[in-house]
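*Asks:* Here it is, the structure, as structure tokens.
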Amino acid sequence: MTSLSHPTAGGTSAPASPHSVVHTKVYGDSEHLQVPAAAAHVSSEQMLDWFKQMLLIREFELRCMQAYQEKKIGGFCHVYIGQEAVAVGCTAAVQHKDPIVTAYRDHGHALARGMDPKHCMAEMFGRIGGCAKGKGGSMHMFDRDNNLYGGHGIVGAQTPLGAGLAFGCKYMDEVIDGKPNSRVSLCFLGDGALNQGAFHEAMNLAGLFDIPVIYVVENNGYSMGTAIARGTTMAHSLITKAAGYGIDGYVVDGMDVVGVYADMKRIADKCRATSRPAFVDMRTYRYKGHSMSDPRKYRTKEEEEVFETHDPIGRLEARLKTAGLLTDDSLKAMQKAVRDTVRDAITWSDESPIPPMAELYHDVFVEPWGPYTGSSQPAMNGGTANPPSMRTIDTKEELS
Numbered sequence: 051m052t053s054l055s056h057p058t059a060g061g062t063s064a065p066a067s068p069h070s071v072v073h074t075k076v077y078g079d080s081e082h083l084q085v086p087a088a089a090a091h092v093s094s095e096q097m098l099d100w101f102k103q104m105l106l107i108r109e110f111e112l113r114c115m116q117a118y119q120e121k122k123i124g125g126f127c128h129v130y131i132g133q134e135a136v137a138v139g140c141t142a143a144v145q146h147k148d149p150i151v152t153a154y155r156d157h158g159h160a161l162a163r164g165m166d167p168k169h170c171m172a173e174m175f176g177r178i179g180g181c182a183k184g185k186g187g188s189m190h191m192f193d194r195d196n197n198l199y200g201g202h203g204i205v206g207a208q209t210p211l212g213a214g215l216a217f218g219c220k221y222m223d224e225v226i227d228g229k230p231n232s233r234v235s236l237c238f239l240g241d242g243a244l245n246q247g248a249f250h251e252a253m254n255l256a257g258l259f260d261i262p263v264i265y266v267v268e269n270n271g272y273s274m275g276t277a278i279a280r281g282t283t284m285a286h287s288l289i290t291k292a293a294g295y296g297i298d299g300y301v302v303d304g305m306d307v308v309g310v311y312a313d314m315k316r317i318a319d320k321c322r323a324t325s326r327p328a329f330v331d332m333r334t335y336r337y338k339g340h341s342m343s344d345p346r347k348y349r350t351k352e353e354e355e356v357f358e359t360h361d362p363i364g365r366l367e368a369r370l371k372t373a374g375l376l377t378d379d380s381l382k383a384m385q386k387a388v389r390d391t392v393r394d395a396i397t398w399s400d401e402s403p404i405p406p407m408a409e410l411y412h413d414v415f416v417e418p419w420g421p422y423t424g425s426s427q428p429a430m431n432g433g434t435a436n437p438p439s440m441r442t443i444d445t446k447e448e449l450s
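Numbering (our numbering), first residue to last: 51 to 450.
Dropping the structure here:
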């Protein structure tokens, strides 16, 4: 095993995560047993962009909490505060053509993947201007243009879909078009989903049929209010579950966006080249409750304070300032721009109408794309490249 060190932009080592994890691969053929311990090749522009994305996600989620208390958001609401480095680093490490699917804590993934904040917020509000016309809500963000195939409200339900997306990509590339597979799928899940039968079925099929899916377990230590060690076997070494299916397992510090990007880039590159699945134990922490109704009485204030010292946004801010890439003035300007963006998204959502009842009958079925002719590849949504009813509303005039 080998530790993967990720130097800061200033040349010093980043602080250790409270998880005390190392970045290491622990399963695989002998010649691939160790991942090369190379420094991350990250430009200053990339780090600044990631910083802006994480600021946007944090501000978006804080305003969602406020809107929920104001009863503008109904149903469930699971915020992503504390885990921003995972979505941002992982999406940066794969290609735009690679499909992504996730669970119900999905706002961060949607924004990191490129969804317009106004469409994301309007969906939270249940309005017609949302990414799914207000019919999905908080747990079901969807953006076909950015290859985001949904958040999913049932624990672990997205894990077979992650394998199916990767299998579909591989089948279309290799069998239909006769070309080498060039895509992988990224499937995010919580540590609680490891106890679901669907997860194990998907892992078995992925290992058996060489399906290029990367399962990223956002291990924040708790499944709702149950500590992982109380509900999951081998909680200290989740990657042993991958070994049982012949799948490569990795442990990654999810509180360091540069480290997440560097490790996930190597993992994705290998998955793409070998057309084999991977399993990632992404150690992270959520600063808020499981949902808005969670008072967090199952963990101590002292524990939360320890993890807050490893805030992924604060870590990258320190790295950027050390490198001379961020000043107090430029930080204030970024924060203002982010606040303005989220405020505009809320205004858009407030002005967007509630969907009419007739909308319930739209987007239930799609038109079949018919026999494949070899001239064009059907989309992965049933073949409807741009069904008019699913087009996202982009202007205020269209809201009426």
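C-beta atoms are modelled at their ideal positions from N, C-alpha and C, and glycine is treated no differently.
Predicted, not measured: the structure shown is a model, and the values here were computed from it.
Using CA coordinates, which residue listed in C127, T290 and G218 is at the minimum distance from S188?
*Replies:* Cα-wise, what sits closest to S188 is C127.
*Asks:* Quick check on the burial criterion: 16 or more other C-beta atoms within 10 angstroms. Buried or exposed for K168?
*Replies:* Per the 10 Å Cβ criterion, buried.
*Asks:* Can you name the start and end residues of the beta strand (DSSP E) that D298 belongs to?
*Replies:* D298 to D303 is the extent of the beta strand (DSSP E) around D298.
*Asks:* Can you tell me the Cα-Cα spacing of E224 and H412, whole angstroms?
*Replies:* For E224 and H412, the distance between alpha carbons rounds to 34 Å.
*Asks:* Assuming A216 and V234 are in contact, meaning their beta carbons sit under 8 Å apart, how far apart are those beta carbons, in whole angstroms?
*Replies:* Confirmed, Cβ separation roughly 6 Å.
*Asks:* Roughly how many angstroms lie between the CA atoms of R163 and H146, to the nearest whole one?
*Replies:* Between R163 and H146, the C-alpha separation is close to 8 Å.
*Asks:* Does the region 302-322 come into contact with the region 356-366, if we say contact requires no fewer than three beta-carbon pairs (one atom in each stretch) closer than 8 Å?
*Replies:* Short answer: they touch.
*Asks:* Could you pull out every residue in the same chain whose Cβ sits closer than 6 Å to the Cβ of Y154, ignoring the five residues on either side in sequence?
*Replies:* Contacts found: H128, M189, G201 and G203.
*Asks:* Identify the residues that DSSP records as bridge partners of C237: which are they?
*Replies:* In the DSSP output, where bridge partners are listed per residue, C237 has V151 and Y265.
*Asks:* Cutting at 8 Å between CB atoms, please list the residues of its own chain near F175, excluding the five before and the five after it.
*Replies:* Counting only Cβ-Cβ distances below 8 Å, and skipping sequence neighbours, we find A117, K122, I123, G184, S399, D400 and S402.
*Asks:* So is Y130 buried or exposed if we call it buried at 16+ other beta carbons inside 10 Å?
*Replies:* Buried.
*Asks:* Using the three-state DSSP reduction, which class does R326 fall into: helix, strand or coil?
*Replies:* R326: coil per DSSP, three-state reduction.
*Asks:* Quick check on this structure: which residue in E109, V92, E95 and Q96 has the alpha carbon closest to the alpha carbon of R389?
*Replies:* Of E109, V92, E95 and Q96, the residue nearest in Cα terms is E109.
*Asks:* Where does N182 sit, in a helix, a strand or coil, going by DSSP?
*Replies:* According to the sequence shown, residue 182 is Ala rather than Asn. It is coil, neither helix nor strand.
*Asks:* If you follow the alpha helix (DSSP H) that H26 is part of, which residue opens it and which one closes it?
*Replies:* No information on residue 26 is available, as it lies outside the stretch 51 to 450 that the chain covers here.
*Asks:* At 4 residues or longer, what runs of the alpha helix (DSSP H) sit wholly inside the region 188-247?
*Replies:* Here the runs fully enclosed are 208-220.
*Asks:* For D306, which of helix, strand or coil comes out of DSSP?
*Replies:* In this structure, D306 counts as coil in the three-state DSSP scheme.
*Asks:* For the pair the region 321-329 and the region 258-265, tell me if three or more CB-CB distances fall below 8 Å.
*Replies:* They touch, by the three-pair rule.
*Asks:* Using only the alpha-carbon positions, how far apart do H286 and N269 sit?
*Replies:* In a straight line, the C-alpha of H286 is about 11 Å away from that of N269.
*Asks:* Suppose you measure from the CA of K485 to the CA of M253; what does that come to, to the nearest Å?
*Replies:* The structure shown does not extend to residue 485, since the chain is modelled only from 51 through 450, so no value can be given for it.
*Asks:* By the three-class DSSP mapping on this structure, what secondary structure does S273 have?
*Replies:* Residue state, collapsed to three classes: strand.
*Asks:* Only counting the same chain, and skipping five residues up and downstream in sequence, which positions put a Cβ closer than 7 Å to that of M332?
*Replies:* Taken in chain order, the residues that qualify are V136, V266, V267, E268, N269, V302 and G304.
*Asks:* Measuring straight from C-alpha to C-alpha, what distance separates N231 and A142?
*Replies:* About 20 Å.
*Asks:* Mind checking which residues open and close the alpha helix (DSSP H) that includes M115?
*Replies:* Counting along the chain, the alpha helix (DSSP H) containing M115 begins and ends at S94 to Q119.
*Asks:* Using a Cβ-Cβ cut-off of 8 Å (strictly less than) and excluding sequence neighbours within five positions of M115, which residues of its own chain qualify?
*Replies:* If we look at M115 and ignore the five residues flanking it on each side, its Cβ neighbours are C127, V129, K338 and M342.
*Asks:* What are the boundary residues of the alpha helix (DSSP H) that E409 is part of?
*Replies:* First-last for E409: undefined, no H or E at that position.
*Asks:* Can you give the Cα-Cα distance for K386 and D394, rounded to whole angstroms?
*Replies:* Looking at the two C-alpha atoms, the distance is approximately 12 Å.
*Asks:* Helix, strand or coil for M314 per DSSP?
*Replies:* Residue state, collapsed to three classes: helix.
*Asks:* Find the nearest neighbour of V310 within the set V144, E352 and A160, judged by alpha-carbon distance.
*Replies:* Out of V144, E352 and A160, V144 has the C-alpha closest to the C-alpha of V310.
*Asks:* Exposed or buried, P86, counting other C-beta atoms within 10 Å across all chains shown (16 or more means buried)?
*Replies:* Unreliable positioning characterises P86 in this predicted model, as indicated by a pLDDT of 38, which lies under 50. A coordinate reading is not provided.
*Asks:* Distance, Cα to Cα, M284 vs L244?
*Replies:* Cα-Cα distance, rounded: 11 Å.
*Asks:* Tell me the DSSP bridge mates of R333?
*Replies:* DSSP, once it has assigned bridges, lists N269 and D303 as partnering R333.
*Asks:* Under three-state DSSP, which class holds V76?
*Replies:* With a pLDDT of only 35 at V76, under the threshold of 50, the placement of this residue in the model should not be trusted; the figure read from the coordinates follows. Three-state result, V76: coil.
*Asks:* My understanding is that P405 touches I178, with C-beta atoms under 8 Å, so please give their C-beta distance in whole angstroms.
*Replies:* P405 to I178, Cβ: 5 Å. Contact.
*Asks:* Would you identify the three-state DSSP class for K122, choosing helix, strand or coil?
*Replies:* Three-state DSSP puts K122 in coil, outside helix and strand.
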